[in-house]
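Residue numbers for the sequence shown, in UniProt numbering: 1 to 494. The beta-carbon is built from N, C-alpha and C at its ideal position, and this holds for glycine as well.
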Amino acid sequence: MLRSIRRSLGRKLLVAVGLPSLAFTLALVLWLRHRTRFAAPDLEPVYGIAVIAILLFGALMGVTFALAMRWVIEQPLQRLAAGLRHVREGDYLYRLPVEGPDELGMVAETFNTTLAALTDLHARRIEDERERVLTAQLEARVKELTLLFDLARRLGGTLELDRLVATLTELVGRGLGDHAFALLLAEEGTGDLVVRSVSGLPESANGVRIRAGEGPAGWAVRERATVLVKDTGADPRRPVLAWQGEAQGSILAVPMIHREDCAGVLAFFRPATDAFPPDEVRLLESVAGQAALAIENARLHQKMVRLSQSDALTGVHNRRSLFARLDMERERCERFDHTMALALVDVDRFKQFNEAFGHAAGDGILRRVAELLAGAVRKVDLVARYGGEEFAVIFPRADRAAALLAAEKLRQAVEAAALPHDASERGRVTISVGVAVWPDDARDLGALIDAADAALYAAKRAGRDAVRAHEAGMRVHPGRRRDVRTTADAEADA
Numbered sequence: 001m002l003r004s005i006r007r008s009l010g011r012k013l014l015v016a017v018g019l020p021s022l023a024f025t026l027a028l029v030l031w032l033r034h035r036t037r038f039a040a041p042d043l044e045p046v047y048g049i050a051v052i053a054i055l056l057f058g059a060l061m062g063v064t065f066a067l068a069m070r071w072v073i074e075q076p077l078q079r080l081a082a083g084l085r086h087v088r089e090g091d092y093l094y095r096l097p098v099e100g101p102d103e104l105g106m107v108a109e110t111f112n113t114t115l116a117a118l119t120d121l122h123a124r125r126i127e128d129e130r131e132r133v134l135t136a137q138l139e140a141r142v143k144e145l146t147l148l149f150d151l152a153r154r155l156g157g158t159l160e161l162d163r164l165v166a167t168l169t170e171l172v173g174r175g176l177g178d179h180a181f182a183l184l185l186a187e188e189g190t191g192d193l194v195v196r197s198v199s200g201l202p203e204s205a206n207g208v209r210i211r212a213g214e215g216p217a218g219w220a221v222r223e224r225a226t227v228l229v230k231d232t233g234a235d236p237r238r239p240v241l242a243w244q245g246e247a248q249g250s251i252l253a254v255p256m257i258h259r260e261d262c263a264g265v266l267a268f269f270r271p272a273t274d275a276f277p278p279d280e281v282r283l284l285e286s287v288a289g290q291a292a293l294a295i296e297n298a299r300l301h302q303k304m305v306r307l308s309q310s311d312a313l314t315g316v317h318n319r320r321s322l323f324a325r326l327d328m329e330r331e332r333c334e335r336f337d338h339t340m341a342l343a344l345v346d347v348d349r350f351k352q353f354n355e356a357f358g359h360a361a362g363d364g365i366l367r368r369v370a371e372l373l374a375g376a377v378r379k380v381d382l383v384a385r386y387g388g389e390e391f392a393v394i395f396p397r398a399d400r401a402a403a404l405l406a407a408e409k410l411r412q413a414v415e416a417a418a419l420p421h422d423a424s425e426r427g428r429v430t431i432s433v434g435v436a437v438w439p440d441d442a443r444d445l446g447a448l449i450d451a452a453d454a455a456l457y458a459a460k461r462a463g464r465d466a467v468r469a470h471e472a473g474m475r476v477h478p479g480r481r482r483d484v485r486t487t488a489d490a491e492a493d494a
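Have a look at this one:
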């Protein structure tokens with residue numbers, strides 16, 4: 001009963017107004033009866049009827065009041081409450097009907113006006129949020145396009161593989177702000193992945209070798225597809241690189257594929273699970289495509305350079321490369337006041353070997369001698385095929401004593417190999433070596449080559465399988481055919 005009264009404004013008004021009025025009327029009738037009871041006893045029945053009439057009238061007025069309250073107040077207020085519920089549920093387009101100019105009508109009109117303002121505010125907020133999202137997306141696209149443009153511009157500006165690797169590490173690894181990044185290149189021949197550059201990892205990671213199918217990077221190479229490990233703790237493809245100790249996170253391995261060849265893998269690590277959104281994965285796949293093309297072009301360029309500088313038969317440098325290096329070393333000698341030595345090497349009695357065993361066997365001997373010479377020199381030295389069965393070796397920053405020791409090492413390397421040569425007095429392949437030193441023996445390249453050739457001629461006169469350094473008078477020895485071909489001559493021959 002009390003709850004029903006508390007939940008209805010009409011009932012509250014009925015109780016607050018009707019009951020006091022009814023009580024007051026009854027009290028008035030009872031007081032009149034008391035005052036007239038003895039003065040007019042014949043009015044006693046009238047008072048009973050009056051009390052009943054008052055009660056009936058009070059009941060009728062109560063019903064009328066309740067209906068009026070329901071129609072005039074409760075229903076408009078219920079509609080107002082329903083409107084508020086619509087707003088609370090997000091229906092900002094709902095409007096209350098304005099049923100009159102009274103206070104409830106004003107409330108409804110005010111409600112509609114306020115709701116319209118809220119609707120406009122909500123619409124502006126939605127528009128602002130949409131603009132913010134669009135702006136953020138536009139900024140992300142601009143960033144991606146800028147990265148791709150810078151990458152294309154800088155990768156297209158060089159054909160040096162080391163510079164390409166450094167550029168990729170700078171733009172992709174550091175530019176995207178990843179926790180850790182590694183660039184792995186596929187090794188020609190084996191197909192293994194080798195770490196060439198890192199960001200956010202110790203430098204000791206460089207050189208780590210990964211086979212196809214090992215870890216996410218090896219899996220990406222084998223499957224020729226992007227591998228996303230959302231949780232390193234739950235994925236069976238355990239990482240091979242020590243990304244961040246044993247920290248759990250996510251790994252993205254994107255293969256750099258050009259046509260059907262995989263040039264390597266871009267590998268990323270973040271110390272959070274599922275940290276690579278789809279948009280970023282697509283961007284990195286585009287980056288990997290550009291990188292693959294640039295790396296393949298660089299490798300092709302390196303191969304073409306090697307072919308242009310290498311002798312087709314023996315694999316060592318050719319005459320063009322020899323004279324280019326001689327010219328460069330000459331400039332260094334003049335600039336820094338250094339010495340340089342040139343050795344000419346001749347395979348003894350090679351013509352007889354060819355006649356006895358054929359040209360195919362002779363070619364095999366030349367290849368083997370070239371391998372022995374290349375294996376017996378320093379990394380800074382250069383071994384080249386000079387022509388026919390002759391080789392040339394450049395010893396930068398070597399004086400006469402050092403050059404003779406190096407030349408003797410070459411002779412001993414061929415002697416120790418004991419390559420069979422039945423047409424030779426010693427029964428094995430031997431070499432003769434002539435050495436000349438810049439600037440002691442010559443001041444120009446033509447004269448330096450001629451001095452080394454004269455020393456080689458002296459080694460052959462001494463019985464072959466010998467090393468001789470240039471001495472005064474050797475170049476004018478009677479019977480020697482002088483070799484004074486210059487760089488220009490060599491380039492013309494090539």
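Legend entry - Local Cβ density within 10 Å of residue 488, reported as buried at 16 or more and exposed below that: Residue placement at residue 488 cannot be trusted, given a pLDDT of 41 that sits under 50; the coordinates are not used to answer.
Legend entry - Interface flag, residue 219 vs chain D, CB-CB below 8 Å: In the structure shown, chain D does not exist; there is a single protein chain.
Legend entry - residue 444 versus residue 414 - alpha carbon distance: One Cα belongs to residue 444, the other to residue 414, and the distance between them is close to 30 Å.
Inset, instruction - Pull up the distance between the alpha-carbon of residue 369 and that of residue 235, whole angstroms please. - result: Roughly 53 Å between the two C-alpha positions.
Inset, instruction - Please name the residue or residues paired with residue 438 in a DSSP beta bridge. - result: Residue pairing of residue 438 in beta bridges, as defined by DSSP: 340.
Legend entry - residue 135 classed as buried or exposed, judged by whether at least 16 other C-beta atoms fall within 10 angstroms: Residue 135 is classed as exposed because its beta carbon has fewer than 16 other beta carbons within 10 Å across all chains shown.
Inset, instruction - Output yes or no for whether 8 Å exceeds the beta carbon distance between residue 398 and residue 340. - result: Taking 8 Å as the cut-off, the beta carbon of residue 398 is found closer than this to the beta carbon of residue 340.
Inset, instruction - Can you have a look at residue 304 and say buried or exposed, based on whether 16 or more other CB atoms are within 10 angstroms of its CB? - result: Classification of residue 304: exposed, given that the 10 Å Cβ count is below 16.
Inset, instruction - Determine the extent of the alpha helix (DSSP H) in which residue 76 is found, giving its start and end residues. - result: Under the DSSP assignment, residue 76 falls in the alpha helix (DSSP H) whose first and last residues are 75-88.
Inset, instruction - Would you kindly check if the distance between the Cβ of residue 436 and the Cβ of residue 451 is under 8 Å? - result: Yes. Within cutoff.
Inset, instruction - Please report how far the alpha carbon of residue 165 lies from the alpha carbon of residue 433, in whole angstroms. - result: Near 42 Å, if we compare the C-alpha coordinates of residue 433 and residue 165.
Inset, instruction - Please report the residue range of the alpha helix (DSSP H) in which residue 317 lies. - result: Per DSSP, residue 317 belongs to no alpha helix (DSSP H) and is neither H nor E.
Legend entry - For residue 345, three-class secondary structure by DSSP: Note: residue 345 maps to strand in three-state DSSP.
Inset, instruction - Might you give, ordered along the chain, the residues of its own chain that have their beta carbon closer than 8 Å to the beta carbon of residue 310, omitting 5 neighbours on each side? - result: Excluding sequence neighbours, residue 310 sits near 316, 317, 318 and 321.
Legend entry - Nearest-angstrom Cβ-Cβ length linking residue 276 and residue 181, presumed shorter than 8 Å: Their Cβ separation, rounded to whole angstroms, is 12 Å, which puts residue 276 and residue 181 out of contact at 8 Å.
Legend entry - Under the three-state DSSP convention, the category residue 101 falls into: If DSSP states are grouped into helix, strand and coil, residue 101 belongs with coil.
Inset, instruction - Tell me residue 182's beta-bridge partners as DSSP assigns them. - result: Answer is 198 and 267.
Inset, instruction - Could you tell me the distance, in whole angstroms, from the CA atom of residue 258 to the CA atom of residue 265? - result: Here the alpha carbon of residue 258 sits roughly 12 Å from the alpha carbon of residue 265.
Legend entry - Range of the contiguous beta strand (DSSP E) that encloses residue 382: In the DSSP annotation of this structure, the continuous segment of the beta strand (DSSP E) that includes residue 382 starts and ends at 382-387.
Inset, instruction - Could you check what DSSP says for residue 424 in three-state terms: helix, strand or coil? - result: Three-state result, residue 424: coil.
Legend entry - Identity of the residue in 431, 384, 296 and 331 nearest residue 308 by Cα: Minimum Cα-Cα distance from residue 308 among the listed residues 431, 384, 296 and 331 corresponds to 384.
Inset, instruction - List the residues that DSSP assigns as beta-bridge partners of residue 394. - result: Residue 394 pairs with 342 and 382.
Inset, instruction - Evaluate residue 582 with the Cβ neighbour count: other Cβ atoms within 10 Å of its Cβ, from every protein chain shown; 16 or more gives buried, anything less gives exposed. - result: Past the edges of the chain, shown from 1 to 494, lies residue 582, and the structure says nothing about it.
Inset, instruction - Check whether the segment 342-349 touches the segment 272-291, taking contact to mean three or more Cβ pairs, one atom from each stretch, closer than 8 Å. - result: Proximity of the segment 342-349 to the segment 272-291 falls short of the contact definition, fewer than three beta-carbon pairs being nearer than 8 Å.
Legend entry - DSSP-derived helix/strand/coil call for residue 465: Here residue 465 sits in coil by DSSP.
Legend entry - C-alpha distance - residue 297 paired with residue 160, whole-angstrom precision: Whole-angstrom Cα-Cα distance: 9 Å.
Inset, instruction - Compare the C-alpha of residue 390 against each of 54, 106 and 313 and name the closest. - result: Distance check between residue 390 and each of 54, 106 and 313 places 313 closest, using alpha-carbon atoms only.
Inset, instruction - Give the straight-line distance between the Cα atoms of residue 377 and residue 416, rounded to the nearest whole angstrom. - result: Near 15 Å, if we compare the C-alpha coordinates of residue 416 and residue 377.
Legend entry - For residue 261: DSSP bridge partner residues: For residue 261, which the question treats as bridged, DSSP gives the partners 258.
Inset, instruction - Tell me where the alpha helix (DSSP H) around residue 404 begins and ends. - result: Residues 400-417.
Inset, instruction - Out of 393, 233, 408 and 465, state which residue places its alpha-carbon closest to the alpha-carbon of residue 448. - result: It is 393.
Inset, instruction - Could you tell me which residues DSSP pairs with residue 431 in its beta bridges? - result: Answer by DSSP bridge pairing, in chain order: 347.
Legend entry - Assigned exposure category for residue 172 - 16 Cβ within 10 Å defines buried: With 16 or more other Cβ atoms from the protein chains shown falling within 10 Å of its own Cβ, residue 172 counts as buried.
Inset, instruction - Per DSSP, which residues does residue 116 bridge with? Please list them. - result: Beta-bridge partners of residue 116 (DSSP): none assigned.
Inset, instruction - Could you please give the first and the last residue of the uninterrupted beta strand (DSSP E) stretch that includes residue 229? - result: Unbroken beta strand (DSSP E) run through residue 229: 227-229.
Inset, instruction - Name, in chain order, the residues that DSSP records as bridge partners for residue 253. - result: As a beta-bridge residue in DSSP terms, residue 253 pairs with 227 and 267.
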